[in-house]
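Numbering (the UniProt record's numbering), first residue to last: 1 to 249.
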């Protein structure tokens, strides 16, 4: 697998190409006009202390803080993903998955280093064609195998580093396909949450048992079990999680 990060993702989206993508995805009428009005004739200035620059036009980037921006970015990235798709990928049941993409974090999957190189080349090329750019300094490769297997990938003439572990969307993945270290991290994070809430919640007599239970269920449990869908729930793992749960007074 290859972990890909995009340079200045939201700030690099070409607005003209974005409107083309929306039209391609059959977004028309009032909605398209509303999006166009948000970005049409957009101008900015630079302020340093009390000095302001002249206004200049802005043709790239999505609006920061706008609730519509994440949706527009997802649609924009979906076209890149679809156009860069090939025959590579890993089978999960009846489904072949070639990429996992969340916002600007992408994980390309392939059964061999050669297939992964082809997938990476196409993805990088489609990003460039759409006005985006992969961050070569943050590209890393990892082979999921308990044996040490070399995987040499290149993009833009640079050789990607091969790592033994990588944190993707807050979950620690290792080349040995073991989740022991990730479970240790989750138990440690939950313990840190309990320590931070000990005086303000756990031993605070002004809070009812019902309120404490709600806090436990809304903060402690999600911290402990984040990403648990990836765990192999053996008796040992189940026992460790139960011990961690019982440590909350």
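Idealized CB from N, CA, C, for every residue including glycine.
Model, not experiment: these values are computed from the prediction.
By alpha-carbon distance to residue 44, the top candidate from 32, 31, 61, 34 is 61. Taking the Cα positions, residue 30 is about 10 Å away from residue 36. Beta-bridge analysis with DSSP links residue 96 to 91. Taking the CA atoms as reference points, residue 46 sits about 12 Å from residue 58. For the 8 Å CB-CB criterion, residue 124 and residue 110 do not form a contact.
In the displayed model, residue 21 falls within a helix according to three-state DSSP.
Residue 18 counts as buried, since at least 16 other C-beta atoms from the protein chains shown sit within 10 angstroms of its C-beta. Between the alpha carbons of residue 25 and residue 94 lies a gap of roughly 27 Å. Non-local beta-carbon contacts of residue 161 in its own chain, meaning distances under 6 Å to residues more than five positions away in sequence, involve 140 in chain order.
Inter-residue distance for residue 12 and residue 181 is about 36 Å (C-alpha atoms, whole angstroms).
DSSP, reduced to helix, strand and coil, places residue 247 outside both helices and strands of the structure shown, so it counts as coil.
For the beta strand (DSSP E) assignment, the uninterrupted runs of no fewer than 3 residues enclosed by the region 96-168 are, from N- to C-terminal side, 99-102, 105-108, 165-168.
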